[in-house]
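Encoded as structure tokens, the structure appears first; notes follow it.
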Amino acid sequence: MTLRNLVVVLGDQLDAGSAAFDGFDPKQDAILQMEVREEASYVPQHRRRLAFFFAAMRHFRDQQRTAGRRVEYTALDDKANGGSLHAELQRQARRLHPQRIIVLEPGDWRVREQICRLELPIELRDDRHFLCSRLDFARFAQSHSNMILETFYRSVRRRRGIMLQSDGKPVGGKWNLDSDNREAFGRKGPPRIPPRPRFSPDATTSEVVAMVRREFPHSPGRLDDFDLPVSRADALKSLKDFVTHRLPTFGRYQDAMHSGEAFLFHSHLSGLLNLHLLSPREVIDAALSRSDVPLNSLEGFVRQIIGWREFVRGIYWRLMPDYAEHNALDAVLPVPRFYWTGETDMRCLAEAIGHTIDHAYAHHIERLMVLGQFCLLLGVRPYDVHRWHISMFWDAIDWVSLPNALGMSQHADGGIVGTKPYAASGNYINRMSDHCRHCRYDPRKSVGDDACPFTTLYWDFLAGHRSRFANNPRMAYAYRNLDRKDRQEVSAIRRRAEKLKTQLTAQTFL
Ligand SMILES: Cc1cc2nc3c(=O)[nH]c(=O)nc-3n(C[C@H](O)[C@H](O)[C@H](O)COP(=O)(O)OP(=O)(O)OC[C@H]3O[C@@H](n4cnc5c(N)ncnc54)[C@H](O)[C@@H]3O)c2cc1C
Ligand code: SF4
């Protein structure tokens, strides 16, 4: 029997309701899923991340087969595997002779280019997963020369009628309650943190874990105690658990950090959203169904999903491929080697990297104000920071990692994602965590053996980029403080910063 449509489902498109399935007829059509080595190794990848992707793909396959759909599945260790998406797709096209190959818009520019170059009867379909299509974002960008998150966020809320009163004003009178969402835990430490749900591997997942151990013995990250959600059913349980137990406290401690606590009150849903095991709309609806949740938590959470998540995707597709080349601050150093091992005496970094090695996860403030900020202050090549994120996080896909890592955290796009760099001295980390209390460095000091490297590098960053930032009104206060320092102190800071940059980047991995 001739095959009519071959529906390609990439690893981050695990949604049986996607546009790729519109008109799917099990009698004439089939699904193709491919595990390929190139995607698992174009940068070295955390083994937990690899296991998460492959296990989720295999669960999707099994679910589709149970639903009576034919699935052609190439396992990573299949002898005939073409090794890359384009080679394997060509091989399968030769083997199956479909009249048409349907592919949902990929989430990675590189993959899209590869697929579009193939001389095959390919139909690309728009990805409805997002609330804001690429066309919607293009319209927004055309009517707003400054693409600012806040304006975008309000427009999505208005257009989708999310958290609005009957007069069109925001529920509670304010669009943004961010100022209520910056509390630290203080000396008492966090209140009880409801544990995130853990999922014991079933036979399919155990097989994947064994395969990843075997095939990627030198990849980074811990794989023991694999407990991630990998199916649609697991994803729904994770969502329910979050909105029931952690959402009420999410807002208040959104920016806080604490030793030994990777997840705190965060949702841990990003990987599930990014593989399309959950849709943003159902996540928002689940949160909004909780009428007892404080407004600052609800608004803060909704803003991350319909604001930041949709905004960075819009930026990515509007500005790629040039976006990846941006390096506004001319940063040239490599990612320090300890980013792969966690072996550093800087307590905040050891904690955040430790969470990443253990869980392929760190929460937003750890990513932005510890991991990302240190690279920014040090002067690490922005694209390498993005590559490190792709390597290490369960939720990293090009469209979301690049604008966050290169744009938001490294300010390499010159102010497209954020109007000022996220730079602060060690005092910020001291205020938001207990790390400095257990650290050999002193966050208040910028020179001397026990001076906090963040603090030294922060003043050096301001001094080094004066011509770019001194006239930015949002940085006026920082420059006033720098100008209070006498010339000798600034020279001593800059000498120490140079030494740190040389020492800390002498060894690298990528
Ligand atoms: C340097 C850097 C790199 C990042 N890389 C990624 C990445 O590769 N993949 C990724 O999904 N997120 C990335 N983020 C955004 C954010 O840090 C993660 O989405 C979040 O930490 C995931 O944890 P969570 O699910 O517990 O999120 P929560 O804190 O519970 O937030 C809820 C949800 O909001 C969404 N969200 C929040 N902030 C952002 C944001 N800035 N951009 C996009 N979505 C957001 C996520 O889907 C997240 O699950 C990055 C941020 C930074 C600063
Ligand atoms: S003193 Fe500096 S290096 Fe140490 S934990 Fe605090 S901010 Fe991090």
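Numbering (the working numbering), first residue to last: 138 to 647.
Think of the CB as a built atom: it goes at the ideal place given N, C-alpha and C, for glycine as much as any other residue.
Query raised in the report: Comparing the CB of Y578 with every heavy atom of ligand 2, is any distance shorter than 6 Å?
Result: Answer for Y578: yes, Cβ within range of ligand 2.
Query raised in the report: Helix, strand or coil: which one does DSSP assign to M483?
Result: Of the three classes helix, strand and coil, the one that applies to M483 here is coil, per DSSP.
Query raised in the report: How many angstroms separate the CA atom of Y460 from the CA atom of T139?
Result: Their Cα atoms are separated by approximately 42 Å.
Query raised in the report: Among residues of its own chain, excluding the 5 on either side of F400, which ones have a beta-carbon nearer than 6 Å to its beta-carbon?
Result: Hits under 6 Å: R333.
Query raised in the report: Would N567 pass as a contact of P580 if the rule is Cβ separation under 7 Å?
Result: Between N567 and P580, the C-beta gap is smaller than 7 Å, which places the two residues in contact.
Query raised in the report: Grouping DSSP H, G and I as helix and E and B as strand, with all else coil, what is V522?
Result: In this structure, V522 counts as helix in the three-state DSSP scheme.
Report task. With a threshold of 16 other CB atoms inside 10 Å of the CB of L301, please say whether the residue is buried or exposed. Result -> The residue in question, L301, is exposed, as its Cβ has fewer than 16 Cβ neighbours within 10 Å.
Query raised in the report: Thinking just about the alpha-carbon of each residue, which of L241, I168, L187 and R231 is nearest to the one in V208?
Result: Among L241, I168, L187 and R231, the Cα nearest to that of V208 belongs to I168.
Query raised in the report: CA-CA distance, I285 and T203?
Result: Answer to the nearest angstrom: the Cα atoms are 45 Å apart.
**Report entry** Completely contained beta strand (DSSP E) runs for the segment 312-388, where each covers 3 or more residues
**Finding:** For the segment 312-388, not a single whole beta strand (DSSP E) run of length 3 or above is found.
**Report entry** alpha helix (DSSP H) runs contained entirely in the segment 213-243, provided each spans 4 or more residues
**Finding:** Fully enclosed alpha helix (DSSP H) runs of 4 or longer: 222-233.
Query - Opening and closing residue of the beta strand (DSSP E) in which Y476 lies - result: Careful: Y476 lies outside any beta strand (DSSP E), inside the alpha helix (DSSP H) at F475 to T478.
Query raised in the report: What residue does the alpha helix (DSSP H) around E626 start on, and which one ends it?
Result: Boundaries of the alpha helix (DSSP H) harbouring E626: R624 to L641, taken from the DSSP string.
Query raised in the report: Does any heavy atom of ligand 2 sit closer than 6 Å to the C-beta of G479?
Result: Not under cutoff, so the answer is no.
Report task. Could you tell me the boundaries of the alpha helix (DSSP H) in which Y616 lies? Result -> Residues A613 to D620.
Query raised in the report: Count the other CB atoms within 10 Å of the CB of G638; is the residue buried (16 or more) or exposed (fewer)?
Result: Correcting the residue type first, residue 638 is Lys in the shown sequence and not Gly. Under this definition K638 is a buried residue.
Query raised in the report: Going by other Cβ atoms of all chains shown within 10 Å of its Cβ, with 16 needed for buried, is Y290 buried or exposed?
Result: It counts as buried.
Report task. Assuming S604 contacts E488 (C-beta within less than 8 Å), just tell me the rounded distance between them. Result -> Rounded to whole angstroms, the Cβ separation of S604 and E488 is 35 Å, and the two are not in contact under 8 Å.
Report task. Helix, strand or coil for P307, going by three-state DSSP, please let me know. Result -> Three-state DSSP puts P307 in a strand.
Query raised in the report: For H395, which beta-bridge partners are listed by DSSP?
Result: In the DSSP assignment, the residues bridged to H395 are E398.
Query - Alpha-carbon spacing of D392 relative to Q236, whole angstroms - result: Spanning the alpha carbons of D392 and Q236 requires a straight line of approximately 52 Å.
Query raised in the report: If we count Cβ pairs, one from each stretch, closer than 8 Å, do we get three or more for the segment 180-189 versus the segment 252-267?
Result: Contact between the segment 180-189 and the segment 252-267 is not established, with fewer than three Cβ pairs separated by less than 8 Å.
Report task. Using three-state DSSP, classify N464 as helix, strand or coil. Result -> When DSSP states are grouped into helix, strand and coil, N464 belongs to the coil group.
Requested in this report: Could you check what DSSP says for T211 in three-state terms: helix, strand or coil?
Outcome: DSSP places T211 in strand when its eight states are reduced to three.
Query raised in the report: For the putative contact between S528 and P357, defined by C-beta atoms under 8 Å, what is the C-beta separation to the nearest angstrom?
Result: S528 to P357, Cβ: 7 Å. Contact.
Query - Range covered by the alpha helix (DSSP H) that runs through M194 - result: Start and end: R184 to T203.
Requested in this report: Compute the Euclidean distance between the alpha carbons of A188 and E172, then round it to the nearest angstrom.
Outcome: Cα to Cα, A188 sits roughly 11 Å from E172.
Report task. For I566, verify whether its CB is less than 6 Å away from any heavy atom of ligand 2. Result -> Flag set: Cβ of I566 near ligand 2.
**Report entry** Option nearest R389 by Cα separation, candidates F274, M569 and C573
**Finding:** The shortest C-alpha separation from R389 is found at M569.
**Report entry** Coil, strand or helix - R296 by DSSP
**Finding:** Helix, per DSSP.
Report task. Tell me whether F363 counts as near ligand 2, meaning its Cβ is closer than 6 Å to at least one heavy atom of that ligand. Result -> No, ligand 2 has no heavy atom inside 6 Å of this Cβ.
Query - the segment 607-614 contacting the segment 581-591, beta-carbon criterion three pairs below 8 Å - result: No, the segment 607-614 is not in contact with the segment 581-591.
Query raised in the report: Are the beta-carbon atoms belonging to F274 and G544 less than 7 Å from one another?
Result: A distance of 7 Å or more separates the beta carbons of F274 and G544.
Report task. Report the option in W596, D535 and K636 whose CA atom is closest to the CA atom of D247. Result -> Correcting the residue type first, residue 247 is Arg in the shown sequence and not Asp. The option with the nearest alpha carbon to R247 is D535.
Query raised in the report: Shortest alpha-carbon distance to V517 belongs to which of H492, A549 and L432?
Result: Ranking H492, A549 and L432 by Cα distance to V517 puts A549 first.
Query raised in the report: So which of A607, V472, C485 and P417 has the shortest CA-CA distance to Q644?
Result: Considering only alpha carbons, the answer is V472.
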